[in-house]
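First comes the structure, then the notes that go with it.
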Amino acid sequence: MSRRVLVVEDSAVIRRLVEVCLRPADLEVVMREDGPGALEAALSENLDLMVLDIGLPEMDGWEVLDRLRSDPRTRALPVLVLTAHAEEESRRRANESGADGFITKPFQPDELRQEILRIVAERSISHVV
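In structure tokens:
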């Protein structure tokens with residue numbers, strides 16, 4: 081069974097790049113371009129992981145992550161932050177906000193794919209135990 085990954089990114093080019101990067105891993109990609117769309121998809125789609133940009137229009141990724149973690153329906157959804165904000169403060173904030181991983185742009189496709197597969201595998205194991 082294919083895993084479903086939501087990619088939340090305002091840049092169509094980056095969304096497409098992530099989709100192409102994940103194709104070899106047999107991951108089904110769902111895409112949204114803003115915070116409200118991310119929250120809607122988190123509730124309506126059967127997702128295994130969210131790849132979340134921080135610099136989103138309407139509602140930034142930090143607010144999306146905070147809302148996901150405060151809602152019992154989405155609290156356990158794994159989130160990988162993918163952002164151009166490379167400073168240590170962003171990495172610390174992602175960790176404190178409950179993100180499961182953090183990758184900066186520009187990224188290496190293999191690194192992104194492996195990190196997503198690692199998070200999905202860890203979550204699968206934790207649900208079995």
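Here my numbering is used: position 21 in the sequence shown is 101, and no number is missing along the way.
Backbone N, C-alpha and C define an ideal beta-carbon position, used for all residues, glycine too.
Of all C-beta pairs linking the stretch 152–169 to the stretch 177–184, three or more are shorter than 8 Å, placing the two stretches in contact. A direct Cα-Cα distance of roughly 31 Å separates P152 from C101.
Taking 8 Å as the cut-off, the beta carbon of E120 is found no closer than this to the beta carbon of R84.
Across the structure, E167 and A174 are spaced so that their CA atoms are roughly 11 Å apart. Residues E113, D114, D133, G135, L136, P137 of the same chain have their beta carbon placed closer than 8 Å to that of D90, with the five preceding and five following residues left out of the count. In the same chain as A118, and ignoring 5 residues on each side of it, the C-beta atoms closer than 6 Å to its own belong to V88, R112, V144, in chain order.
Closest in alpha carbon position to Q194, among V93, R103, V110, R96, is R103.
Under the three-state reduction of DSSP output, E113 falls in the coil class, being neither helix nor strand. Rounded to whole angstroms, the separation of the alpha carbons of S82 and D106 is 6 Å. For I94, the enclosing alpha helix (DSSP H) stretches over residues 92–102. Restricted to the stretch 129–194, the beta strand (DSSP E) segments that are unbroken, complete and at least 3 residues in length are 129–132, 159–163, 181–184, listed in chain order.
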